[in-house]
Structure formats: structure tokens, C-alpha cells
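First comes the structure, then the notes that go with it.
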Amino acid sequence: MKIRTKLSLLFTATCGLLLLLFALVIYFAAANDREATFFDYIKTEAGTKAELLLSGNIDPEILQTIYRQNREHLSEVEIAIYDPDFNLLYHDAIDIDIVQETEEMIGEILELGSIEFDQNGWQVIGVHYRHNERDYVVTGAGFDRLGYEKLTLLRNTLITASVLGLILVYILGLVFSREVLSPLRNIANRVSEITATNLNLRLRPRDSGDELTDLTLHFNEMLDRLEQSFQSQREFVHNISHEIKTPLTAIITEIELSLIEAEESDQRCMTLEVVLKDARKMDKIVQNLLNMAKSHYDPSQLSKKEIRVDEVLMDARTEVLKGRESAEISVHVDENIPDDSAMVINGNAYLLQVAFINLMDNAVKFSPDKKCAVSLGAERESIEVIFADRGPGIKPEDSSRIFEPFYRTGASANLEGSGIGLSIVKKIIELHGGSISLTSGDHKGSSFTVSLERAEHGEKQ
308 MKIRTKLSLL FTATCGLLLL LFALVIYFAA ANDREATFFD YIKTEAGTKA
358 ELLLSGNIDP EILQTIYRQN REHLSEVEIA IYDPDFNLLY HDAIDIDIVQ
408 ETEEMIGEIL ELGSIEFDQN GWQVIGVHYR HNERDYVVTG AGFDRLGYEK
458 LTLLRNTLIT ASVLGLILVY ILGLVFSREV LSPLRNIANR VSEITATNLN
508 LRLRPRDSGD ELTDLTLHFN EMLDRLEQSF QSQREFVHNI SHEIKTPLTA
558 IITEIELSLI EAEESDQRCM TLEVVLKDAR KMDKIVQNLL NMAKSHYDPS
608 QLSKKEIRVD EVLMDARTEV LKGRESAEIS VHVDENIPDD SAMVINGNAY
658 LLQVAFINLM DNAVKFSPDK KCAVSLGAER ESIEVIFADR GPGIKPEDSS
708 RIFEPFYRTG ASANLEGSGI GLSIVKKIIE LHGGSISLTS GDHKGSSFTV
758 SLERAEHGEK Q
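The opening position of the sequence shown corresponds to residue 308 in the numbering used here, with each subsequent residue numbered one higher.
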């Protein structure tokens with residue numbers, strides 16, 4: 308889960324708890340107020356009925372008639388009046404008697420002055436009423452239908468408002484987190500542009516002086532150290548390779564001269580040929596190390612010019628055939644290529660030739676008949692070169708790692724090589740803004756497809 312989503316959810320959860328707290332406070336405050344207000348309403352009704360009956364001398368039947376007529380429209384409140392001896396003087400509706408009064412209850416009301424309680428959703432009161440120096444007890448019970456309806460409406464309103472509020476808070480949280488995290492997103496985008504070939508790039512420091520500014524500065528310091536480390540590594544490989552290559556070239560030359568002077572039947576001749584073979588193998592490894600160092604150059608520092616891919620391809624073929632006289636490399640050029648300009652790219656001829664040599668050499672090395680088929684074609688925006696062999700193929704588990712430095716498949720274990728050729732090829736092709744892909748199957752041979760951007764297309768861009 309992204310930090311932006313986490314912040315939005317955390318913000319929403321916090322606000323949700325606050326909204327829930329406020330909603331509960333409002334709801335219970337309203338519920339308590341409804342209860343207190345309705346108790347007061349019942350007491351008022353009880354006092355009015357007692358006053359009309361005892362002071363106004365209104366006939367009880369008239370009061371009951373008024374009660375029955377208004378019961379459909381007003382809150383359901385029934386009143387009963389007793390004397391101290393528990394004699395019922397008046398009751399609104401005996402048939403729906405809610406409060407089952409007892410002598411103990413009457414005594415409690417006379418002693419305390421008033422009581423209030425709930426009974427199965429009905430609110431019940433009992434009050435001590437004094438008239439003409441005589442004590443009376445008035446009880447009342449009512450069901451606040453209108454009050455409960457208002458309370459239900461309030462509850463539903465609070466739930467709806469809370470849900471809508473949470474949705475709004477979540478949206479605002481996304482917007483808020485997006486603004487807060489935009490500097491981090493900018494840093495991430497800039498960091499994604501920095502690779503081993505352009506370690507000279509740096510993050511732009513912020514002027515806010517906050518934690519992100521410190522992060523940017525520390526990251527730039529790390530890039531400084533990383534760039535120095537890579538530069539030292541490249542210089543080390545380059546210098547060591549040159550230091551080894553110089554005496555190695557001298558050794559090869561001396562051996563070749565010795566072979567010219569030695570007689571073919573001489574035992575030393577056979578020994579020198581073995582040493583020469585090993586020396587040339589070592590020379591090739593050193594050359595590959597030099598090429599690997601060059602393939603890690605910054606593209607902006609690489610010397611490029613317009614070159615023809617078909618010419619580089621033929622030069623590479625010539626170089627491979629020099630070392631492998633028994634090899635057979637066929638080059639097929641698509642007849643639909645419009646003109647010579649379709650073969651031109653912006654690149655480095657030496658490095659591109661190194662890549663082509665490695666691909667051809669691998670194809671010849673793995674093919675039992677020492678054959679390599681090369682196809683050259685041009686698309687509207689790119690040039691494609693396909694190198695195909697008739698070898699054992701590459702297994703799926705090996706194909707994902709075939710371009711890793713020093714990785715060797717099971718089929719190459721008994722063949723000469725250092726395992727860095729294809730990694731060099733991939734780096735060189737990427738330096739030219741191109742791509743390389745592998746198509747292979749077990750015992751079906753392998754095809755490497757190199758795609759390079761045409762020069763005329765690059766200029767249009």
C-alpha cells in the first residue's frame with residue numbers, strides 16, 4: 308500500500324473517530340433532552356387533569372371523552388388520580404392501564420413527592436398533589452411517539468452526514484497527501500533517471516529547509532561517493548587491462564616468432580602452440596574486460612557519429628572469420644530496404660562492432676556446423692539485425708539471466724568463454740538507445756534480435 312493511501316486512510320480514520328464521538332454526544336444529549344422534556348410534559352398533563360377534576364369540578368366522563376378524542380393526535384399519555392387510601396378517583400382509560408399502581412407505590416410517592424421511571428418503553432411519573440389541605444396521588448404514563456420519531460430521524464441524519472463526511476474527508480485526504488508527498492514523488496522521479504551511466508546527475512535541493520531538504524543533500528552526497536566508486540572501478544579495470552595486455556601482446560609476438568623459427572617436428576613447437584592458444588585466450592579475456600569498461604561509459608561522453616550498420620556488420624563478420632576459419636557466416640539483407648540512408652544510425656562504430664562480433668562468435672561457437680545466419684532489415688523507425696544459430700538452444704530458466712555478467716548456461720560449461728560477452732552486448736546496445744531480445748527453445752537454436760533507432764528518425768525527434 309502506498310504512503311499516500313495510508314495517510315488518507317489514517318486521516319479518514321481519525322476524522323471518523325471524531326465524527327463518531329460528536330455524533331454519539333449529539334444523539335445521547337438529544338435522547339436525554341427528549342426524555343426529560345417528555346417527563347415534564349406528563350407532569351404538566353397530570354397537574355392539568357388534577358386541577359380540572361379537583362378544582363374545576365369537571366365531570367370525569369367529560370375528561371375521558373376528551374382523552375379518547377385527542378388520543379389519536381397527541382402523544383399517548385394516560386393519567387390516574389388516587390386519594391391517600393388508594394381509592395381510584397379518576398383514570399383516562401382503565402382498559403389500557405399501563406401503570407399497575409400498588410399501595411407501596413402510592414406510599415413512596417407521598418413520601419418522596421414524585422417519582423420517575425421507564426416501563427417497557429413508556430415513561431411513568433407519580434406526583435404528590437395537595438388540594439384543599441388533602442393529599443392526592445397523580446400517576447401518568449406516556450409513550451413519546453413523536454419524540455422517538457424525531458430521535459430516529461436525528462440518528463439517520465447523523466449516520467448519513469457521517470458517511471458523507473468520511474467520503475469527503477477521504478477525498479480531501481488524498482488531495483492533501485498528494486500535495487504533501489509531491490516533493491517525494493519528484494525526488495523518486497529524479498532518482499529513477501539516475502543510472503550507472505549518468506551518475507553525474509543530482510537531485511535539486513529544496514529551499515524549505517525541512518527534512519526533505521536534508522534527505523536530498525544526503526542523497527546527493529551518497530551519489531558523489533557512488534560516482535567516485537564507479538569511476539575508480541572503471542579506471543582500475545581499464546588500467547589493469549592495459550597493464551596486462553601490453554606484456555601479453557609481447558608474449559604472443561615472441562611465441563609467434565619462436566614458432567616460425569622452430570621446426571614442426573620439434574617438441575617445443577607443440578608446447579609453444581599450446582602456450583600461444585592460452586595466451587590468445589587470455590588476450591581475448593583482457594579485451595573483453597576493456598570492452599566491458601567502455602560499455603559502462605556515460606552515453607553523453609561517448610563519441611558518436613553517423614555510421615552504416617551494414618558496413619559495421621560486414622567488418623564484424625570479417626573479424627570473426629579471421630579467428631574461426633571453419634566458420635560460415637551468412638548475411639541476408641532485406642531487399643525492401645529503400646536506400647542506403649535507411650542503414651544509418653548515430654553510434655560508435657568500434658563498440659557496435661564489438662557487440663556484433665560477440666553475437667556472431669557465440670552463434671558459431673554453439674552451432675554444431677559452425678554456421679551463423681544474420682538477417683538485416685529496416686523498419687520505418689528502426690533497424691533490426693537478427694543473429695540465429697543452430698545450437699542446443701537456451702532453457703527458459705537460463706534466458707532470464709543470460710545477459711548477466713559472468714553467467715554461463717549448462718550448455719556453455721564445456722566451451723571456451725568468460726561469460727561476459729552477452730552482458731557487454733546488452734550494455735553497448737543500450738548505450739545506442741536500442742534493445743536486444745532473445746527467442747529460443749530447448750534444442751531449437753537461438754535468435755538474438757537487435758533493434759537500433761535510425762539516424763533520420765532520431766533527427767526528427
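Beta carbons: idealized from backbone N, C-alpha and C, even for Gly.
If you're wondering where the values come from, they're calculated on a predicted model, not measured in any experiment.
Gln-535 sits in a helix when the DSSP states are folded into three classes. Each of Ile-405, Val-692, Leu-453 was checked against the Cα of Val-431, and the nearest Cα belongs to Ile-405. The alpha-carbon separation between Lys-678 and Ile-664 amounts to approximately 14 Å.
With a threshold of 16 other beta carbon atoms within 10 Å, His-639 falls short and is exposed. Taking the Cα of Val-661 as reference, the smallest distance to any Cα among Ala-448, Thr-625, His-435 is reached at Thr-625. By the neighbour-count definition (other C-beta atoms within 10 Å, threshold 16), Gly-428 is an exposed residue. A direct Cα-Cα distance of roughly 29 Å separates Leu-506 from Glu-486.
Assignment of Gln-426 by DSSP, reduced to helix, strand and coil, places it in the strand class. Its chain contains Thr-319, Cys-322 as the residues whose beta carbon lies nearer than 6 Å to that of Val-476, once the 5 sequence neighbours on both sides are disregarded; these appear in chain order.
The segment 460-472 makes no contact with the segment 435-449: fewer than 3 CB pairs, one atom from each, lie closer than 8 Å. Using a Cβ distance threshold of 9 Å, Lys-552 and Asp-585 do not count as a contacting pair. Remark: C-beta atoms of Ile-709 and Ile-701 approach each other more closely than 9 Å. If you ignore the 5 residues before and after Asp-676, its C-beta comes within less than 8 Å of the C-beta of Glu-635, Arg-697, all in its own chain and listed in chain order.
Looking at the DSSP output, His-639 bridges to Ser-682. Per DSSP, the beta bridge partners of Ser-689 are Glu-760.
For Leu-317 and Val-482, the gap between their C-alpha atoms comes out near 14 Å.
A direct Cα-Cα distance of roughly 10 Å separates Ser-489 from Ala-495. The three-state reading of DSSP puts Leu-519 in helix, counting H, G and I together. One thing to note: Gly-454 has its Cβ within 9 Å of the Cβ of Thr-344.
With 16 or more other Cβ atoms inside 10 Å of its own Cβ, Val-757 counts as buried. When the beta-carbon positions are compared, Ser-706 and Ala-695 stay at least 9 Å from each other.
Exclusion of the five residues before and after Leu-583 leaves Ile-562 as the residues of its chain whose Cβ lies within less than 6 Å of its Cβ.
Secondary structure of Asp-585 (DSSP, three-state): helix.
Note: Asp-696 is not bridge-paired with any residue in the DSSP secondary-structure output.
By the C-beta density criterion, His-398 is buried, having at least 16 other C-beta atoms within 10 angstroms. For Ala-400, the secondary structure class from DSSP, reduced to helix, strand or coil, is coil.
Contact between Tyr-334 and Leu-461 holds: their C-beta atoms lie close to 6 Å from each other, under 8 Å. Buried is the label assigned to Ala-670, since at least 16 other Cβ atoms lie within 10 Å of its Cβ.
Just measuring C-alpha positions, the residue of Glu-688, Leu-745, Ala-680 sitting nearest Pro-703 is Leu-745.
In the same chain as Phe-673, and ignoring 5 residues on each side of it, the C-beta atoms closer than 6 Å to its own belong to Asp-696, Gly-698, in chain order. In the structure shown, the three-state DSSP call for Leu-745 is strand. Asp-521 and Met-529 have their C-alpha atoms roughly 12 Å apart. A straight-line Cα-Cα distance of about 14 Å links Gly-740 and Val-616.
The C-beta distance from Ser-421 to Ser-315 rounds to 54 Å, too long to fall under 8 Å, and the pair is not in contact. Contact between Val-384 and Ile-349 holds: their C-beta atoms lie close to 6 Å from each other, under 8 Å.
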